[in-house]
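Numbers given in the numbering used here equal positions in the sequence shown, counted from 1, plus 115.
Glycine included, every Cβ here is placed at the ideal spot set by N, Cα and C.
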Amino acid sequence: MKKIFLNVALVASFASLATAGFEENFKASVKKRADIDAEVQLKKPLKSFKNQYFVIGRTQNGEIFPVIVSQDGGYFVALSSMMNLNQEDSQMIMEELNKAGDEKEKRDTKILNELFASFNANDFIYLKGEGENLPTQIIVTDPDCPYCRKHLEMIESELKVANLKLIFAPVHDKEAFIKAQLAMNQTAKLKLEDTKGKIKILRKFYSDIKLSKQEMATDFSQVRTNTDKIFASKAIKGVPFVFEQQ
């Protein structure tokens, strides 16, 4: 998951924030300095620093970030290994970060399971793995994404340990959507177990091929709808994205 890094420098509060509450001041400070809408998920007093709190902030997208915050919430510093925290504070922070991380992972897993369960079988390209009782990984991908192309180069090795379900969410221009739709249309004509045939089609479109006039007229509304749905969830922010189905 992508982490949010906040400015390590101390952030001063403005006089207009002085009368506001702790959480309101904190929200305003984060918004001012990082342009992020956040809320206080956890707040605990520190023994190492007088009148300061350990805070776990959470963004609207569910990302969490740890900071040390002043008593009024008007300024903060990013948590750093250079800080001289006593053992009790250090242990408390580690426990709370682990707990928050576990809670976030559970939330994300629930959201992703619900998201992918909402698609139809024909929204995916299914690649059967080489063994029995293998886990299934869902790959969100884009034919024109360089990292997705690199990922496809190693697809055979991944099929040794998992079944794969590819779903397209292009982040590039119209040609990427058309390539994705063409790949879906063509692989749909193959037998379910024809993994090699599907990979051959995928590699054809995961390249800088020039599409014909007829291909450019392809209706790619299915890929467009799926893409909008995937990114509207806010659980996925880029490609390639890999999730083990549960």
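Ordered along the chain, which non-local residues of its own chain (more than five positions away) have a Cβ less than 6 Å from that of residue i?
i	result
Cys263	Thr256, Asp257, Val354 and Pro355
Ala89	Because the chain is modelled from 116 through 361, residue 89 falls outside the range shown and cannot be assessed.
Leu161	Gln167, Phe169 and Asp204
Ile226	Ala350
Distance, Cα to Cα, residue i vs residue j?
i	j	result
Ala215	Ile179	8 Å
His266	Asn201	44 Å
Ala143	Ile254	37 Å
Ile293	Lys319	13 Å
Pro276	Leu307	According to the sequence as given, residue 276 is Val; it is not Pro. Using only the alpha carbons, I get a separation of about 18 Å.
Phe364	Lys165	Here the chain comprises residues numbered 116 to 361, so residue 364 is not present and cannot be evaluated.
Gln186	Phe137	7 Å
Gln252	Ser233	16 Å
Val123	Leu212	For Val123, the pLDDT reaches just 36, beneath the cut-off of 50, and the residue's location in the model is therefore unreliable, although a value from the coordinates is still provided. Taking the straight line joining both Cα atoms gives about 18 Å.
Glu139	Glu218	24 Å
With a CB to CB cut of under 7 Å and the five nearest residues on each side skipped, what residues in its chain are close to residue i?
i	result
Lys313	Ile240, Leu242, Thr302 and Leu305
Drop a sphere of 10 angstroms on the beta-carbon of residue i, count the other beta-carbons inside from all chains shown, and report buried for 16 or more, exposed for fewer.
i	result
Val145	buried
Ala350	buried
Ile171	buried
Val182	buried
Gly246	exposed
Ile324	exposed
Asn237	exposed
Arg222	exposed
Less than 8 Å between C-beta atoms, sequence neighbours within five positions excluded: which residues of the same chain meet that for residue i?
i	result
Ile345	Leu230, Val255, Ile282, Ala284 and Ile351
Where does the unbroken alpha helix (DSSP H) through residue i begin, and where does it stop?
i	result
Glu218	Gln202 to Ala232
Ala149	Phe137 to Ala149
Between which two residues does the beta strand (DSSP E) harbouring residue i extend?
i	result
Asn278	Asn278 to Phe283
Lys362	Because the chain spans 116 through 361 in this model, residue 362 falls outside it and cannot be assessed.
Tyr241	Ile240 to Leu242
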